[in-house]
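Number of protein chains: 4
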Amino acid sequence: MTAYSSFDIAHLGNVELFTPKFDESLWFFRDLLAMRVVAEEGDSVYLRTWDEYELYTIKLTAKPDAAGVGRTNVRAINPEALERRVAAIEAAGLGVGWEDGEVGTGPTYVFKDPDGHEMGIYYETERYVATDDKPSLKNQASAFPGRGVNARRLDHINWLAADVEACGSFMTDVLGLRESERIRLDNGRFAARWFHCSLKSYDLVYSDDWTKHGNRLHHIAFAPDTREDILKAADIFLENGIHIESGPHKHAINQTFFLYVWEPGGNRIEFANAGARLLLDPDQPVVEWTEEERKKGQAWGMKTIETFHTHGTPVV
Amino acid sequence: MTAYSSFDIAHLGNVELFTPKFDESLWFFRDLLAMRVVAEEGDSVYLRTWDEYELYTIKLTAKPDAAGVGRTNVRAINPEALERRVAAIEAAGLGVGWEDGEVGTGPTYVFKDPDGHEMGIYYETERYVATDDKPSLKNQASAFPGRGVNARRLDHINWLAADVEACGSFMTDVLGLRESERIRLDNGRFAARWFHCSLKSYDLVYSDDWTKHGNRLHHIAFAPDTREDILKAADIFLENGIHIESGPHKHAINQTFFLYVWEPGGNRIEFANAGARLLLDPDQPVVEWTEEERKKGQAWGMKTIETFHTHGTPVV
Amino acid sequence: MTAYSSFDIAHLGNVELFTPKFDESLWFFRDLLAMRVVAEEGDSVYLRTWDEYELYTIKLTAKPDAAGVGRTNVRAINPEALERRVAAIEAAGLGVGWEDGEVGTGPTYVFKDPDGHEMGIYYETERYVATDDKPSLKNQASAFPGRGVNARRLDHINWLAADVEACGSFMTDVLGLRESERIRLDNGRFAARWFHCSLKSYDLVYSDDWTKHGNRLHHIAFAPDTREDILKAADIFLENGIHIESGPHKHAINQTFFLYVWEPGGNRIEFANAGARLLLDPDQPVVEWTEEERKKGQAWGMKTIETFHTHGTPVV
Amino acid sequence: MTAYSSFDIAHLGNVELFTPKFDESLWFFRDLLAMRVVAEEGDSVYLRTWDEYELYTIKLTAKPDAAGVGRTNVRAINPEALERRVAAIEAAGLGVGWEDGEVGTGPTYVFKDPDGHEMGIYYETERYVATDDKPSLKNQASAFPGRGVNARRLDHINWLAADVEACGSFMTDVLGLRESERIRLDNGRFAARWFHCSLKSYDLVYSDDWTKHGNRLHHIAFAPDTREDILKAADIFLENGIHIESGPHKHAINQTFFLYVWEPGGNRIEFANAGARLLLDPDQPVVEWTEEERKKGQAWGMKTIETFHTHGTPVV
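Protein chains in written order, with UniProt numbering: chain A, 1 to 316; chain B, 1 to 316; chain C, 1 to 316; chain D, 1 to 316.
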């Protein structure tokens, strides 16, 4: 293992989701997750979680025929880091070009990962200034909404990819992320790989797309405060007729306490709490799980649900 | 604000505590906090928390006459970062010199902060290999002990300092940390300043030492998994006759859920849970609290306890 | 101690609160506590918690000049128990007479406790039938609201009384309740006494009224699901400008985890969680606390807040 | 529904468990559940949970060939209630006779339920007086152990029975319990029935024994303080190699948050938290679930685990 050098990417910034059921999806994010609409543009609305320091977290876009994921933007730590990463992306031949950023986001370099997922990288951003949602404690972006699931912040994205190896190399070699954990099948190939910036245990993840379709989403995840929040979220989804796919339970991988639901448009949404889990070690070795080890199921023994390997968006 | 550049210090490594009641203090850390003794040397024992990836977390040293803090070691992210910081410390005239590291820690450059607290910086370290404390999940340093307070990892240290300004400048200019929050008194001076590496909201903190004695400790803190752990810890300390000084409650500053106790030797120990709170913004502006604002007390209105401003170790 | 015989009173039914700030108080109960308005009549609205099996929980009544408590109704376990208790009340010379019950409550015998608090006892009641608030699980009265504090059910009432001894005897000898805990001052008098029906550790409580005014309220309490709910409630009250008087903390007496706030009308409202605490022993001896013991403060050492002994409603 | 009359049975008192792996079972209850050994007699040890007001909670008996359940004792609320129930049992022809009680328990009338499970009923009992386990709060039976799962109190027993109807009638007609919930199959027969005394939602439960063997156990359950305790318990069982059969999850029936494990002897042990759920309504109608409704699985959608319908003790 080479010695660690610092991260050029600060964090996952925001994600665009497509939905064929726009009104129901909007209800899910705005009313159940307590997100705030900060802008509307064309067929899209931009929503923010209460603890988001930037203007928006999710861009929700109506798409008549299919759910799925649009662009995922990540923030660079400074202008030099942005330049370094753009150069690396261009060198890898995956660049698309510069665009004006959306809703508070500065100039964004657009590119694609090897599976065809659209991504963007930016540094400049506008910090959210609360108006009628001023928090009582000034070290908080906006008031705690106190309703529904109270989604706090975006935590990670997990893409499906036809070639998890190629996408993983892109994460480490081109974007400069580190890998925390991975599943290696008996045939030597990876079933999934988890990548992170800084102390978080994962931010960007690839899972094997059994359809080999390309450009599909496994899920995005929000991070609440506590495990109790996730238990309460399960009650709220139950009361509101949202399909609970799996959990609450604890992942063996990265030990996240989780709940998976499908938003009305069909996209899988996770609520995930890594608790006090931070990867403090700058040289943390990658934890690799074998096929045999994964047969034990999740941390407390629950078998991984079948639909994890049959449902992704768009559905193909 | 200048643009952020990355952190050379990865995290707070370990801390030496002095105690005039060695046996009782050892009982506190080993039996109540469920820490494991990994080495004994002279008048000291080295103890580790269960989620510590390095060999040890706390060095507990018998000192007949007084409690207090010995050396605080921090880990650099790589050899180059170590060199950079040593050069900066030497340039600041605060260096002491290289020493062999203790118990799994590589060569350590020893220095002092402007208040006279001894510190060390190292890069090389040995990862803990569990023996009879093997965890069931391989992505964990050792087995969850399942007893007492189950202290998970060291979270931060809060020193008392005669000159909080000077110590703060040392943190940012010499060690390259960032400041997250601070209290500025009406007279323009700082009552306390919180510094952090990476996503954690604080790691190293200075509070005004009203005695102007020098080299004193306000507290060290351990991070448990959840707020419920802190509530349970309060019950355990109650049953074991440990002085609970304040809490459980929520800090306004950095919004940490906290509990403060005094270990038998007199050192103040905090159990602190920042929950899902991460400082994702690489350019996060410092949050400054005024004297007026601090009069509101803690987050939910509890007044800050008097002894916070009268008790430190050594007691003088 | 005489052998236990069963309880004629099943539980605390509902309470009328007076408020000089009707609109703000209504906002507090309906919007922050997520209670549902089920009826309006004259200057009163009737509100229910989501897990209330009867029609209503709180009757909120506008009263221009003062906050305070109106009638407290308790439910008898069956018609014979109702008759027995009415006979005992009449024998004690404290009866007022029969009235038609309010909003789903059957014939109610109205009476006064020795301090002048109005009370009622009834057996017949109407069970709530959910309409647009149907729960997903049929063993639940109505849907979990998933907003604000989600007040689950009324837990207890704590009255101020000029003569705690006389009121206490009324509870045991006339209403047939049992006493779980009490505070006896050095002068031999009681500072407070806790009474309960069945397994709950308290339902009806008297605290000494230092003003000797008569017919005043110390507080009413709601029971949420978990301690985490109470921590979250504190955040919600903080964000909404509600005065948090004390807590979250754990009572030494009955070990309840608590939070006290003042609703906008001035009445003290507690959120209290006794957790798994049930008084299973049918002959449970009364736990008596001395003045000396109470100096230790609450369970984890927080001193009892001064305003507990200076604020009651109506304010006199 | 006839009007409610009060309960003659106060609560489930204690249970005898058989184990073919005595030492390992003892380790499970004493070391993992933090129960205290209070007596040893022949092939049995008597253990108590920390919040048990009587002397013991579980009698663990070595039995070379098979796990399973011995006598289950329940406590009557007073001597008259005891007499009434003994008369009813004798009238039902299920009485065995009076015996001296065990370890702090007074004279016990022994009988059998229609499935052949041995039961006992007693009124006199000895309250536990803590010695080296004195609690800091005097309203608690003994000190909070602060280790392992910290089992607080016995919550309920769930027997397998060849004829759930007959056993259920015995509960209501002979023991005078009430039924809270039940599952009725499409063929009109009951798959399971839950019975309770007083405010608890269940204490004694019968589930259909698919083997029709007679005198078998589905599980016994302990009640911890909080849901977080159950999540922590799962971690502790994981670390200690205990088979986690199902959970943590939330039951649809009675809405209990649960975790099921198998103790080393093979008996299924549940940790169950009904939270703030109390059956306040003295006339609470029985909630009946259909086969169709049960197909939805547990509250949040997890399918009921297969082994619930294939594993009982003794294994036959």
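Yeah, the Cβ is synthetic: ideal placement off N, Cα and C, and Gly gets one too.
| field | Coil, strand or helix - tyrosine 4/C by DSSP | value | Looking up residue 4/C in the third sequence gives position 4. With a pLDDT of 48 at tyrosine 4/C, under the threshold of 50, the predicted position of this residue should be treated as unreliable, though the coordinate-derived value follows. In this structure, tyrosine 4/C counts as coil in the three-state DSSP scheme.
| request: Give the interface partners of tyrosine 263/C over in chain B, defined as CB-CB distance under 8 angstroms, in chain order. | output: Within the third sequence, numbered from 1, the residue matching residue 263/C stands at position 263. This sequence places glutamate at residue 263/C; tyrosine is not what is there. Those do not exist, as glutamate 263/C stays about 16 angstroms from chain B at its closest Cβ, beyond 8 angstroms.
| task | Would you please verify whether the beta carbon of isoleucine 244/C is less than 7 angstroms from any beta carbon of chain B? | result | Start at 1 with the first residue of the third sequence, and residue 244/C comes out as number 244. With its beta carbon less than 7 angstroms from one in chain B, isoleucine 244/C belongs to the interface.
| Endpoints, alpha helix (DSSP H) assigned at proline 79/B | The residue you call residue 79/B lines up with position 79 of the second sequence. First-last of the alpha helix (DSSP H) with proline 79/B: 79-91.
| Neighbourhood of leucine 278/A by C-beta, 8 angstroms cutoff - its chain only, sequence neighbours within 5 removed | Within the first sequence, the letter at position 278 stands for residue 278/A. Only residues of its own chain outside the window of five on either side were considered, and among them Leu199, Lys200, Ser201 have a CB closer than 8 angstroms to the CB of leucine 278/A, listed in chain order.
| Candidates Ala192/B, Ala221/B, Ser44/B: closest to alanine 166/B by CA position | Looking up residue 166/B in the second sequence gives position 166. That would be Ala192/B, whose Cα lies nearest to the Cα of alanine 166/B.
| said: Taking only three categories from DSSP, how would you classify alanine 223/B? | reply: The residue labelled residue 223/B in the question sits at position 223 within the second sequence. In this structure, alanine 223/B counts as strand in the three-state DSSP scheme.
| task | Determine the extent of the beta strand (DSSP E) in which glycine 68/C is found, giving its start and end residues. | result | The residue you call residue 68/C lines up with position 68 of the third sequence. Unbroken beta strand (DSSP E) run through glycine 68/C: 68-76.
| task | List the DSSP bridge partners of leucine 280/C. | result | For the purposes of this step, residue 280/C is taken as residue 280 along the third sequence, with counting starting at 1. Paired residues: none, contrary to the question.
| CB contact flag (asparagine 267/D, leucine 17/D, <7 angstroms) | Within the fourth sequence, numbered from 1, the residue matching residue 267/D stands at position 267. Within the fourth sequence, numbered from 1, the residue matching residue 17/D stands at position 17. In contact: asparagine 267/D and leucine 17/D (Cβ atoms closer than 7 angstroms).
| Tell me which same chain residues have a C-beta within less than 6 angstroms of the C-beta of threonine 256/A, skipping the five on either side of it? | Numbered from its first residue, the first sequence carries residue 256/A at position 256. So the list reads Ala272, Ala274, once near-sequence residues are dropped.
| Through-space distance from histidine 11/A to lysine 250/A, alpha-carbon basis | The residue given as residue 250/A occupies position 250 in the first sequence. The residue given as residue 11/A occupies position 11 in the first sequence. Approximately 24 angstroms between the Cα atoms of the pair.
| task | Kindly indicate which three-state DSSP category leucine 199/A falls into: helix, strand or coil? | result | Along the first sequence, read from residue 1 onward, the residue named residue 199/A stands at position 199. If DSSP states are grouped into helix, strand and coil, leucine 199/A belongs with coil.
| said: Using beta carbons (cut-off 7 angstroms, strictly below), is leucine 238/D in contact with chain B? | reply: Counting from 1 along the fourth sequence, the entry for residue 238/D is found at position 238. Under the Cβ criterion of 7 angstroms, leucine 238/D is counted among the residues facing chain B.
| Where aspartate 43/B falls, given that 16 or more other Cβ within 10 Å makes a residue buried | Stepping through the second sequence from its first residue, residue 43/B is reached at position 43. When all chains shown are included, aspartate 43/B counts as exposed.
| Got a sec? Which residues, its chain only, sit under 7 angstroms from leucine 175/C by beta carbon, not counting five neighbours each side? | Locating residue 175/C in the third sequence gives position 175, where the first residue counts as 1. Setting aside the 5 residues that flank it on each side, leucine 175/C is surrounded in the same chain by Ile9, Arg85, each with a C-beta closer than 7 angstroms to its C-beta; the list follows chain order.
| task | Below 8 angstroms CB to CB, which residues in the same chain sit around phenylalanine 144/B once its five sequence neighbours on both sides are set aside? | result | As a first step, residue 144/B is located in the second sequence; it is residue number 144 there, counting from the start. For phenylalanine 144/B, where only same-chain residues beyond five positions count, the Cβ hits under 8 angstroms are Trp50, Pro135, Asn150.
| field | the segment 115-135 of chain B contacting the segment 213-231 of chain B, beta-carbon criterion three pairs below 8 angstroms | value | Short answer: they touch.
| query | Which word fits glutamate 40/B, buried or exposed, when buried means at least 16 other C-beta atoms lie within 10 angstroms of its C-beta? | reply | Here residue 40/B refers to the residue found at position 40 when the second sequence is read from its first residue. With fewer than 16 other CB atoms across the displayed protein chains lying within 10 angstroms of its CB, glutamate 40/B is exposed.
| Span separating the alpha-carbon of alanine 252/A from that of arginine 153/B | If you number the first sequence from 1, residue 252/A lands on position 252. If you number the second sequence from 1, residue 153/B lands on position 153. C-alpha separation (whole angstroms): 20 angstroms.
| task | Figure out for me which residue from Met119/C, Phe308/C, Gly188/C, Glu124/C has the closest Cα to the Cα of glutamate 54/C. | result | Locating residue 54/C in the third sequence gives position 54, where the first residue counts as 1. Comparing Cα-Cα distances from glutamate 54/C to each of Met119/C, Phe308/C, Gly188/C, Glu124/C, the minimum goes to Glu124/C.
| Rounded separation between glutamate 181/B and aspartate 281/B - CA only | Within the second sequence, residue 181/B is the residue found at index 181, counting from 1. Within the second sequence, residue 281/B is the residue found at index 281, counting from 1. Going from the Cα of glutamate 181/B to the Cα of aspartate 281/B covers about 14 angstroms.
| Name the residues in the segment 279-301 of chain D whose C-beta lies less than 7 angstroms from a C-beta of chain C; which are they? | The residues in question are Leu280, Asp281, Pro282, Val287, Ala299.
| Using the C-alpha atoms, what's the distance from alanine 233/B back to lysine 59/D? | Translated into positions along the fourth sequence, residue 59/D becomes position 59. Translated into positions along the second sequence, residue 233/B becomes position 233. Going from the Cα of lysine 59/D to the Cα of alanine 233/B covers about 30 angstroms.
| request: Pick helix, strand or coil for histidine 156/D, following the three-state DSSP scheme. | output: Taking the fourth sequence and counting its residues from 1, the one referred to as residue 156/D is at position 156. The DSSP-derived three-state label of histidine 156/D is strand.
| task | Put tryptophan 50/C into one of helix, strand or coil per three-state DSSP. | result | Position 50 of the third sequence, counting from 1, holds the residue named residue 50/C. Looking at tryptophan 50/C - three-state DSSP - the assignment turns out to be coil, as it is neither helix nor strand.
| asparagine 158/A burial status per 10 Å Cβ neighbour count (16 or more: buried) | Here residue 158/A refers to the residue found at position 158 of the first sequence. Counting Cβ neighbours within 10 Å, asparagine 158/A comes out buried, since at least 16 surround it.
| message | Quick check: the Cα distance between arginine 75/A and valine 38/A, rounded to an integer number of angstroms? | response | Within the first sequence, numbered from 1, the residue matching residue 75/A stands at position 75. Within the first sequence, numbered from 1, the residue matching residue 38/A stands at position 38. Arginine 75/A and valine 38/A have their C-alpha atoms some 19 angstroms from each other.
| request: Report yes or no: is there a C-beta of chain B within less than 7 angstroms of the C-beta of serine 136/D? | output: One-based indexing of the fourth sequence puts residue 136/D at position 136. It does: the Cβ of serine 136/D has a partner Cβ on chain B nearer than 7 angstroms.
| query | Hey, does alanine 234/B have any beta-carbon neighbour from chain C nearer than 7 angstroms? | reply | Working through the second sequence from its first residue, we reach residue 234/B at position 234. Judged by the 7 angstroms Cβ criterion, alanine 234/B is in contact with chain C.
| request: With 7 angstroms as the threshold, decide whether the Cβ of glutamate 228/B is near any Cβ in chain D. | output: By 1-based counting over the second sequence, the position of residue 228/B is 228. Yes, its Cβ sits closer than 7 angstroms to a Cβ of chain D.
| Rounded C-alpha distance that separates arginine 184/C from glycine 312/D | By one-based count along the third sequence, residue 184/C stands at place 184. By one-based count along the fourth sequence, residue 312/D stands at place 312. A straight-line Cα-Cα distance of about 52 angstroms links arginine 184/C and glycine 312/D.
| field | Alpha-carbon to alpha-carbon, arginine 71/C and threonine 307/D | value | Counting from 1 along the fourth sequence, the entry for residue 307/D is found at position 307. Counting from 1 along the third sequence, the entry for residue 71/C is found at position 71. Rounded to the nearest whole angstrom, the C-alpha separation of threonine 307/D and arginine 71/C is 53 angstroms.
| beta-carbon arginine 268/D near the ligand HEM non-hydrogen atom, thresh 6 angstroms | No copy of the ligand HEM appears in this structure; indeed no ligand is present at all.
| task | Taking C-beta pairs closer than 7 angstroms, name the residues in chain B that leucine 231/C reaches, listed in chain order. | result | Walking along the third sequence from the start, residue 231/C turns up at place 231. Arg227, listed in chain order.
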